[in-house]
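What follows is a set of notes on a single structure, which appears directly below.
There are 2 protein chains.
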Amino acid sequence: MPIPTEITPLGVGGAVPTRDRHLSALALRREGRVLLFDCGEGTQFQLLRAGLLGSRLEAVFITHLHGDHLFGLPGLLSTMGLLERSRPLTLIGPKGLEAYLCSVPGASPEGLPYPVHIREWAADTVDATVYETEAFRVRALPLDHRVPCMGYRYEEASRPGRFNVGAARAAGVTPGPDFETLARGGRVRVGSREVSPEGIVGPERRGAVVAYCLDTAPCNGARRLAHRADLLIHDATFGDEDIERAAATHHSTARQAAEIAREAGARRLLLTHFSARYPDPAALAAEARQPFEATDVAEELVTVRVTPQEATA
Amino acid sequence: MPIPTEITPLGVGGAVPTRDRHLSALALRREGRVLLFDCGEGTQFQLLRAGLLGSRLEAVFITHLHGDHLFGLPGLLSTMGLLERSRPLTLIGPKGLEAYLCSVPGASPEGLPYPVHIREWAADTVDATVYETEAFRVRALPLDHRVPCMGYRYEEASRPGRFNVGAARAAGVTPGPDFETLARGGRVRVGSREVSPEGIVGPERRGAVVAYCLDTAPCNGARRLAHRADLLIHDATFGDEDIERAAATHHSTARQAAEIAREAGARRLLLTHFSARYPDPAALAAEARQPFEATDVAEELVTVRVTPQEATA
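These protein sequences, in sequence, are chains A and B. Just so you know, we're using my numbering here: the first sequence kicks off at 312 and counts up by one. Just so you know, we're using my numbering here: the second sequence kicks off at 312 and counts up by one.
Here you go:
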């Protein structure tokens, strides 16, 4: 069984918070590593409540320089300094991110007791891998908002195909090191014969893919980010009746988010960034489920598990 | 009966928040007017929960430019803009406050849809009235912290003395306009005699005084701010066992705060700014009550009412 990747929404409100909605932030956890997408005011409190405020946080991805996605960053950096973090932290975001942090008293990377690496993408970036480890990579593609804004696509590394023990034994292979060699794609000798993994080891299995698309109007960038994603997290600021307001402010309706999910062949959709004018986002989910049934409403501190789709070809 | 002034702590944590402690902020409400002292991250959420996020907020007093007292300001300003505030707002704080706000995307006063007046005090200010209305004034005096830091003293205007109806009637004065003239300190004619307010109107009664002293080591500025205050709100970051840490970081222990209250002749003390190392500040209150019995622990969103002491001379 693949280890699920855990998605924890920390703030699901739109630009204006409500009594029970914080501002945009979402944590992704996999095998003890934590990534953060956006960092609205209050994110450090929500990370604390989720048990995720610690040195396992390794990178923060900022979509754009609007306050509701950004203003939690100085406090988070500063608190991690006070908590004596020593592990490096990577910050990824638009041009201007570093200048902003340097202008905030106590949040300048130079004054923090741990290394902060800031990587800024240019507004005209088309498709860039902005973060990469042996286990996953994160790509950035442009969205359609009022200021330069990137969505992110988290792609786990592929895993080896399924190992058919019966087929391996039938080919005369003995359990042990030879099994491992075959599982890694190598050939083994059985007496005078050479046995290849073909027919024993299935096709390589893709890792989980999660797309994070906010703030944005429906756009090709979102479609590409969401292509066959296991989970698409998408801007759903408004409902059908506010479709003109959505267009004017470069946001999406819940139904538009669902259409992107359907067109992109995503498996599941998680709606977020709800305008304060919708006290209950259930109505938004109902609209979204018409074009795309597998839609849920993001709830703060309620974790969603993502497992990659098994290859069906 | 005088109308009580209401004090609502919004964040009682020290520099590092805990699961149930936000960062420094405190609201003062009197007759529909709201003042805010400090504005740590999350203050807009707490104002919302307290029902105080609105245009009645007329001034914000920042003690110093440390993030835990400051990082909520950009989000608060920005949210009030999105809520279509039109009423002017006054911000008072140390030199550097305006440059900070101007460097934050979306929080620059020029870009907000309502007027923002920023008044910066110089680091060498000794005692200044930094805000004044017909109903109250706010003075600033220097505290002892690692960076320039001012405490604030809220002083309500004096009220006229008590009116002795019996004495007025005995002097032959008829209820009505003449009563009002006397109450305001004027003289009236009764036949051929002139009647003065002496003996009819008691001594002028002072308004409520609230002192706000954080962050600070015990110092003369705090003593002066707290002089005969009806309520002293004081830095109580540490307990007795951390007195050296308090000195090193220019903070106070709860007991030191209580000694200031006693020396200044304050009526009541409210402890706040608790270090995360004290999960339960009740122990701090117990230490403080030894020198000063009338000590309470500030609790978030629990309002304390302040009425001025009647003159006893």
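Even glycine gets a Cβ: it sits at the ideal position worked out from N, Cα and C.
If you check the beta carbons only, do residue i and residue j fall under 9 angstroms apart?
i: L612 (chain A); j: A599 (chain A); result: no
i: P416 (chain A); j: Y411 (chain B); result: yes
i: E369 (chain B); j: T319 (chain B); result: no
i: L543 (chain A); j: C524 (chain A); result: yes
i: V512 (chain B); j: V501 (chain B); result: no
i: L454 (chain B); j: A528 (chain B); result: yes
i: R332 (chain B); j: A572 (chain B); result: no
i: R517 (chain B); j: P619 (chain B); result: yes
i: F585 (chain A); j: A547 (chain A); result: yes
i: F382 (chain B); j: P385 (chain A); result: yes
i: A478 (chain A); j: R534 (chain A); result: no
i: L334 (chain B); j: R330 (chain A); result: no
i: A326 (chain B); j: L363 (chain B); result: no
i: S469 (chain B); j: S414 (chain A); result: no
If distances are taken between C-alpha atoms only, which option among the options comes closest to residue i?
i: A559 (chain B); options: B:I511, B:D438, B:L393 and B:D526; result: B:D526
i: R473 (chain B); options: B:L452, B:G383 and B:R495; result: B:R495
i: A361 (chain B); options: B:T374, B:L347, B:I373 and B:F372; result: B:L347
i: V521 (chain B); options: B:L408, B:A537, B:E491 and B:E509; result: B:A537
i: E395 (chain B); options: B:P426, B:P619, B:Q620 and B:V449; result: B:P426
i: E491 (chain A); options: A:P471, A:I403, A:T606 and A:E467; result: A:P471
i: D541 (chain B); options: B:P399, B:L381, B:H456 and B:E467; result: B:E467
i: L452 (chain A); options: A:H545, A:T444, A:A439 and A:S414; result: A:A439
i: V458 (chain A); options: A:S414, A:A478 and A:H377; result: A:H377
i: I403 (chain B); options: B:G383, B:F382 and B:I373; result: B:I373
i: Y442 (chain B); options: B:T614, B:V371 and B:G324; result: B:V371
i: R579 (chain B); options: B:R556, B:A609, B:H561 and B:D551; result: B:A609
i: P592 (chain B); options: B:A446, B:S366, B:A565 and B:A605; result: B:A565
i: R448 (chain A); options: A:R398, A:K406, A:P420 and A:R344; result: A:R344
i: H375 (chain A); options: A:R464, A:G407, A:G325 and A:Q601; result: A:G407
i: C460 (chain A); options: A:H561, A:G487, A:D553 and A:A569; result: A:H561
i: E509 (chain A); options: A:G487, A:V476 and A:S503; result: A:V476
i: P328 (chain A); options: A:G497, A:A338, A:D379 and A:G365; result: A:D379
i: P399 (chain A); options: A:P420, A:T614, A:C413 and A:S414; result: A:P420
i: R464 (chain B); options: B:R330, B:A577, B:A326 and B:D553; result: B:A577
i: P405 (chain B); options: B:A433, B:H545 and B:I554; result: B:A433
Quick one: residues in its chain with C-beta nearer than 8 angstroms to the C-beta of residue i, no 5 flanking neighbours on either side, listed in chain order?
i: T623 (chain A); result: At T623 (chain A) the pLDDT is 47, less than 50, meaning the model places this residue with poor confidence and gives no usable figure here.
i: I314 (chain B); result: R341 and E342
i: E570 (chain B); result: P529, P602 and F603
i: S397 (chain B); result: S366, P424 and Y425
i: V437 (chain A); result: L452 and P453
Can you list, in chain order, the residues of its chain with a C-beta nearer than 6 angstroms to that of residue i? Leave out the 5 residues immediately preceding and following it.
i: A625 (chain A); result: Residue 625 (chain A) lies beyond the stretch modelled for chain A, which goes from 312 to 624, so this question has no answer here.
i: T316 (chain A); result: R341, A519 and V617
i: R430 (chain A); result: I403
Any idea if residue i is buried or exposed, counting beta-carbon neighbours within 10 angstroms, 16 or more meaning buried?
i: S507 (chain A); result: exposed
i: Q567 (chain B); result: buried
i: H428 (chain A); result: exposed
i: G532 (chain B); result: buried
i: S563 (chain A); result: buried
i: T606 (chain A); result: buried
i: A481 (chain B); result: exposed
i: T390 (chain B); result: buried
i: G324 (chain A); result: buried
i: V615 (chain B); result: buried
i: G504 (chain A); result: Per the sequence presented here, residue 504 (chain A) reads as Arg, with Gly not at that position. With fewer than 16 other Cβ atoms within 10 Å, it is exposed.
i: P486 (chain A); result: exposed
i: R539 (chain B); result: exposed
i: A557 (chain A); result: buried
i: A286 (chain A); result: Chain A is shown from 312 up to 624; residue 286 (chain A) falls before or after that span and cannot be answered.
Who are the Cβ neighbours of residue i in its own chain at under 7 angstroms, not counting the five residues just before and after it?
i: L423 (chain A); result: L388 and G392
i: D489 (chain A); result: V499
i: D551 (chain A); result: T564, R566 and E598
Is there a Cβ of chain E sitting closer than 9 angstroms to that of residue i, yes or no?
i: H562 (chain A); result: This model lacks chain E altogether; the protein chains it does include are A and B.
May I ask you to check if the CB of residue i is nearer than 8 angstroms to at least one heavy atom of the ligand ADP?
i: G324 (chain A); result: Looking for the ligand ADP in the displayed structure turns up nothing, as the structure carries no ligands at all.
Checklist entry - Can you list the beta strand (DSSP E) stretches of 3 or more residues lying completely in the stretch 363 to 414 of chain B, in chain order? => result 368 to 372 and 400 to 405
Next on the checklist: Restricting to runs no shorter than 3 residues, where is the beta strand (DSSP E) found entirely within the stretch 408 to 454 of chain A?
Outcome noted: 427 to 432, 439 to 443 and 447 to 453
Next on the checklist: My parser needs the alpha helix (DSSP H) runs of 4 or more residues fully inside the stretch 536 to 574 of chain B; what are they?
Outcome noted: 554 to 559
Checklist entry - Can you list the alpha helix (DSSP H) stretches of 4 or more residues lying completely in the stretch 478 to 518 of chain A, in chain order? => result The stretch 478 to 518 of chain A contains these whole alpha helix (DSSP H) runs: 488 to 494.
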